[in-house]
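Below: one structure, written as structure tokens.
Chains as they are written, first to last, in my numbering: chain A, 505 to 782; chain B, 3 to 726.
Structure (structure tokens):
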């Protein structure tokens, strides 16, 4: 867990400890200072106010470039999950310069969880949205989400697949075209529902209502909007296929929509990582 | 659109009536455009034939349009350099090219073009066109040739023209006929006499004009009308055809004129098509791309033989609709009738005085720019009026294209300024902001985020179009910060379509955005600190009020604090309740339904959520429990461990509902047989008990009016069962 001196420090630490209790075994808090100002004492003082944490933990105090150092620590410790606090919405300048959270997402080699609204008291992750795109990584993402939802005692899981509209599924200038478009949408929906159902077939699901939604809309954007509008607490996505660069922010697409306006906490599952989370 | 001929007599009749309106207008618009009168007739006939074959709107009448008069006149002047016949030929070339552009617009699916402009800017431009037409034609009505150009200069010249009349330099017959015609045009439609109602006023004044010119020579005492104050038609049909010239194609203004012609023609046509679709009793959607293609080809065909641009026109189309047209045949018939009139009565038509035609145009222009237009805009609020007047004045002092573009720009700047946080919203305009998903079978949820205005309405429209109007649609604006008048106007049209098809379209989330005037379609924006006064009711609130009144419930739309009624429920354990509003309450206070605004947590204040819930106080204390269909049950962490309480006597109930709570005995006591059978036979809601009261809700969002009715009904009956 990367920490720094911010108003949400205490909440972040508490939330991380709680998640660790449910998901993992041990947690390392990493603070990276720039070498000029020493915030260690201030942070230690605030953390001490919380009282003893219930999970095995350690604090690491490092110096250097924040993102690089945190990622190095992750590698060293062979971490399963990296946690970081993030602002829900980025300003224009921050958007193009890139925040630390974003740098982490871009370069990370393990799964990463961005906390947008950490709470001082335990918060329940009762509703999770996960992507169900037709992609090789999706299968393992869903498997892990099921494990996470079991651990977090989640009730509702929405598997959302976004279908980019094409000629057949978006043109509806008159009644005829609209009817054809609806037929196409229906066919695709049936097919995708079936595919997701098949991929869920061998999974053990207990005490969890799973609903699959097929959304015709901009990929990368729609799932974020859905998460926000349905009031889910966690959004789980595949890790990006390519490293995201500056041009991806100029021509916004996919993950960038969600990163620039986080609808909820965001978990990005890194598929090549060894099985994490309980 | 060629269909099987149906209802021919009816369409024949409406075609005839429309042709009576179209005849004087075709002459008048052509003359006002600075081209020979036959150009208007050619455009009408070409429009009738081509649009009938290729167009998809059934009720539209195609012909020469008001909007292009100004541009065509300008084109003749600029291209011809003083030589009006050369100018006419070159203009025909420009018209041909504009037809090509319109055809391309149709092919590349620009049919949504008209939705891209703010309503106020479009109306401002049309009103300016009206004034330009009026200011020029009023001189011709007085029997004089205006000297100035530009609407303001022309109006300023009016005293000069009146002076000329006073000095007797104008023919008394000309201005006499002109003024009489103008008065008749205003008065006749209001006279309740069958002949005036059946035959349109322009035809009456035309007949009077022709009759006068026939009779005057036999009465030497009457003021006479000289030949140059009459329209001149070619003596032979061959002479009517003039062929376009493309010699000016190297000239920059040739291209700018043809592009402007294409643009204005497309916008005018699309607006008319939309307006007529709104009035269409069958609410059949037409394909605007197909219509554009048809208009493009019609324009090209018309210009090859000397006709003006063909556009879809609103005034003639509504006459068409009012006279019982039901398919595209009436459009064809109106063109054929016009050709027939010309063939049969060409000598009589030569006796039409110019002043009479000018009167018809002044009347048309006046209707576009009348004070009632300004009043109508003022109803949408001060901001819309400002934008309207701004576009109006810019259009008058520059040209149509600059006018509408600057109107668009100002609207955007105004909207951003009134919101603050400009950069965020600018960015949001160019990003996706709509989400459509199927909540249940045939029940769609369309959610709109951040800002919804004329610029990004296309995205919303694209999704709206794909929804089958037989289904139920909930349009959710609760994540939006600003919804502008243009969007609401478009949505109203969708609502009409959905309701006509048997579906429904309900808006939610608008209760929080405050309208800028009392008009239901005015801009909606977040209420500033200043405007804490009572806001106007939204459509949903009005329906709720009506519903409450019908059942003798108490309805209170204003915001109140929650006095501990909801706070104690487990559901609100980690949530902060801001306020309650739109309360519907039983007279004896035995239950309460309301919209609750709450925040999901207390840390970052950006997760404001709204939901409709009901509360029933219990007479006797009982144990806390949660009842639901699996779904939302385990949200309350401390209940997670308890097992589902089943009733052996009610297997169906036990299977469908999950009931949890720690004091099993007390809970079993609470669930009497009557209560269980009631719950079994009704819609499943989430019901939660905190020992003192019940919390009931369905979805975690604001309920639509129909959902509310269902829910209130449920709550009322449940209260009765509980009190037994």
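The C-beta atom is built at its ideal place from N, Cα and C for all residues, glycine as well.
Distance cut-off 6 Å: residue i Cβ against heavy atoms of the ligand MN
{"i": "residue 196 of chain B", "result": "This structure does not include the ligand MN; it has no bound ligands of any sort."}
Contact with chain A by residue i, beta-carbon distance below 7 Å
{"i": "residue 385 of chain B", "result": "no"}
{"i": "residue 455 of chain B", "result": "no"}
{"i": "residue 287 of chain B", "result": "yes"}
{"i": "residue 470 of chain B", "result": "yes"}
{"i": "residue 291 of chain B", "result": "yes"}
{"i": "residue 441 of chain B", "result": "no"}
{"i": "residue 577 of chain B", "result": "no"}
{"i": "residue 639 of chain B", "result": "Residue placement at residue 639 of chain B cannot be trusted, given a pLDDT of 42 that sits under 50; what the coordinates show is reported in the next sentence. Taking Cβ atoms only, chain A reaches closer than 7 Å to residue 639 of chain B, which makes this a yes."}
Minimum Cβ-Cβ distance from residue i to chain B less than 7 Å
{"i": "residue 506 of chain A", "result": "no"}
{"i": "residue 774 of chain A", "result": "no"}
{"i": "residue 518 of chain A", "result": "no"}
{"i": "residue 596 of chain A", "result": "Because residue 596 of chain A carries a pLDDT of 49, less than 50, the predicted location of this residue cannot be relied on, and the following value inherits that uncertainty. So, interface residue."}
{"i": "residue 679 of chain A", "result": "yes"}
{"i": "residue 717 of chain A", "result": "yes"}
{"i": "residue 524 of chain A", "result": "no"}
{"i": "residue 670 of chain A", "result": "no"}
Chain B residues whose Cβ lies nearer than 7 Å to that of residue i
{"i": "residue 725 of chain A", "result": "434"}
Residues bridged to residue i [DSSP beta-bridge criterion]
{"i": "residue 517 of chain B", "result": "B:526"}
{"i": "residue 747 of chain B", "result": "Outside the shown range of chain B, which is 3 to 726, sits residue 747 of chain B, and nothing can be said about it."}
{"i": "residue 2 of chain B", "result": "The first residue shown for chain B is 3 and the last is 726, placing residue 2 of chain B beyond what the model contains."}
{"i": "residue 617 of chain B", "result": "B:594, B:697"}
{"i": "residue 565 of chain A", "result": "A:535"}
{"i": "residue 446 of chain B", "result": "B:440, B:475"}
{"i": "residue 355 of chain B", "result": "B:232"}
{"i": "residue 585 of chain B", "result": "B:558"}
{"i": "residue 718 of chain A", "result": "A:665"}
Residue i: contacting residues in chain B (beta-carbon distance under 8 Å)
{"i": "residue 721 of chain A", "result": "434, 436, 437, 438, 465"}
{"i": "residue 732 of chain A", "result": "451, 481"}
{"i": "residue 698 of chain A", "result": "Result: empty, since nearest Cβ-Cβ is about 16 Å, beyond 8 Å."}
{"i": "residue 615 of chain A", "result": "Within 8 Å Cβ-Cβ: nothing; residue 615 of chain A doesn't reach chain B, min ~24 Å."}
{"i": "residue 674 of chain A", "result": "464, 468"}
Beta carbon proximity, residue i to chain E, threshold 7 Å
{"i": "residue 718 of chain B", "result": "Absent from the structure is chain E; the protein chains it does hold are A and B."}
Contacts that residue i makes with chain B (C-beta to C-beta distance below 9 Å)
{"i": "residue 729 of chain A", "result": "434, 435, 436, 437, 449, 451, 481"}
{"i": "residue 686 of chain A", "result": "468, 469, 470"}
{"i": "residue 682 of chain A", "result": "287, 467, 468, 469, 470, 471"}
Within chain A, the residues that residue i reaches when beta carbons sit closer than 7 Å
{"i": "residue 108 of chain B", "result": "Under the 7 Å cutoff, chain A gives no residues; its nearest Cβ is about 10 Å from residue 108 of chain B."}
Listed by chain order, chain A residues near residue i by CB distance under 9 Å
{"i": "residue 611 of chain B", "result": "735"}
Proximal chain A residues relative to residue i, where beta-carbon distance stays under 8 Å
{"i": "residue 478 of chain B", "result": "733"}
| query | Below 8 Å, can you find three or more Cβ-Cβ pairs linking the stretch 138 to 154 of chain B to the stretch 168 to 175 of chain B? | reply | The stretch 138 to 154 of chain B is in contact with the stretch 168 to 175 of chain B.
| said: Is it the case that the stretch 229 to 245 of chain B contacts the stretch 256 to 271 of chain B, given that we only count it when at least three CB pairs across the two stretches are under 8 Å? | reply: Flag = no, the stretch 256 to 271 of chain B and the stretch 229 to 245 of chain B do not touch.
| query | Along the stretch 40 to 60 of chain B, what residues have a CB closer than 8 Å to any CB found in chain A? | reply | Listed by position, the residues of the stretch 40 to 60 of chain B near chain A (Cβ gap below 8 Å) are 58.
| task | Determine, using beta-carbon pairs with one atom in the stretch 318 to 333 of chain B and one in the stretch 71 to 85 of chain B, whether at least three such pairs fall under 8 Å. | result | By the criterion of at least three beta-carbon pairs nearer than 8 Å, the stretch 318 to 333 of chain B is not in contact with the stretch 71 to 85 of chain B.
| task | Check each residue of the stretch 701 to 713 of chain B: if its Cβ is closer than 7 Å to any Cβ of chain A, include it; give the result in chain order. | result | Per Cβ criterion, the list reads 702.
| said: Counting beta carbon pairs with one atom in the stretch 573 to 592 of chain B and one in the stretch 661 to 668 of chain B, are three or more of them shorter than 8 Å? | reply: No: the two stretches stay apart, fewer than three of their Cβ pairs being nearer than 8 Å.
| Using a beta-carbon distance cut-off of less than 9 Å, what residues from the stretch 86 to 116 of chain B approach chain A? | When C-beta distances to chain A are compared with 9 Å, the residues of the stretch 86 to 116 of chain B below that value are 111, 113, 114, in chain order.
| said: Three or more C-beta pairs under 8 Å: does that hold for the stretch 113 to 125 of chain B against the stretch 359 to 366 of chain B? | reply: By the Cβ criterion, the stretch 113 to 125 of chain B is not in contact with the stretch 359 to 366 of chain B, since fewer than three pairs of Cβ atoms, one from each stretch, lie closer than 8 Å.
| Three-pair Cβ contact test at 8 Å for the stretch 414 to 424 of chain B versus the stretch 698 to 716 of chain A | Inter-segment contact for the stretch 414 to 424 of chain B and the stretch 698 to 716 of chain A is absent: fewer than three beta-carbon pairs are separated by less than 8 Å.
| message | Measuring CB atoms only, is the stretch 282 to 301 of chain B touching the stretch 49 to 58 of chain B, in the sense that at least three cross pairs come out at less than 8 Å? | response | Between the stretch 282 to 301 of chain B and the stretch 49 to 58 of chain B there are three or more inter-stretch CB-CB distances shorter than 8 Å, so the stretches are counted as touching.
| Is the stretch 660 to 672 of chain A touching the stretch 684 to 693 of chain A in the sense that three or more CB pairs, one from each, lie closer than 8 Å? | Judged by pairs of C-beta atoms under 8 Å, the stretch 684 to 693 of chain A touches the stretch 660 to 672 of chain A, as three or more such pairs exist.
| query | Between the stretch 442 to 457 of chain B and the stretch 472 to 484 of chain B, do three or more beta carbon pairs fall short of 8 Å? | reply | Contact holds between the stretch 442 to 457 of chain B and the stretch 472 to 484 of chain B, because three or more Cβ pairs, one in each stretch, are under 8 Å apart.
| message | Check whether the stretch 571 to 590 of chain A and the stretch 602 to 619 of chain A are in contact - that is, three or more C-beta pairs closer than 8 Å. | response | Counting Cβ pairs under 8 Å, three or more are found: they touch.
| Contact between the stretch 206 to 213 of chain B and the stretch 335 to 343 of chain B: three or more CB pairs below 8 Å? | Touching, no, given that fewer than three Cβ pairs across the two stretches are closer than 8 Å.
| Sufficient close CB pairs (3 or more, under 8 Å) joining the stretch 494 to 504 of chain B to the stretch 276 to 289 of chain B | Contact between the stretch 494 to 504 of chain B and the stretch 276 to 289 of chain B is present, because at least three Cβ pairs lie under 8 Å.
| task | Tell me, please, whether the stretch 86 to 102 of chain B touches the stretch 343 to 362 of chain B by the rule of three or more beta-carbon pairs shorter than 8 Å. | result | For the pair of segments examined, the stretch 86 to 102 of chain B was found not to touch the stretch 343 to 362 of chain B: the number of CB pairs separated by less than 8 Å stays below three.
| task | For the stretch 505 to 519 of chain B and the stretch 667 to 676 of chain B, state whether three or more C-beta atom pairs, one from each stretch, are separated by less than 8 Å. | result | Counting Cβ pairs under 8 Å, fewer than three are found: no touch.
| message | Counting beta carbon pairs with one atom in the stretch 623 to 632 of chain B and one in the stretch 684 to 694 of chain B, are three or more of them shorter than 8 Å? | response | Cβ pair count under 8 Å is three or more, so yes.
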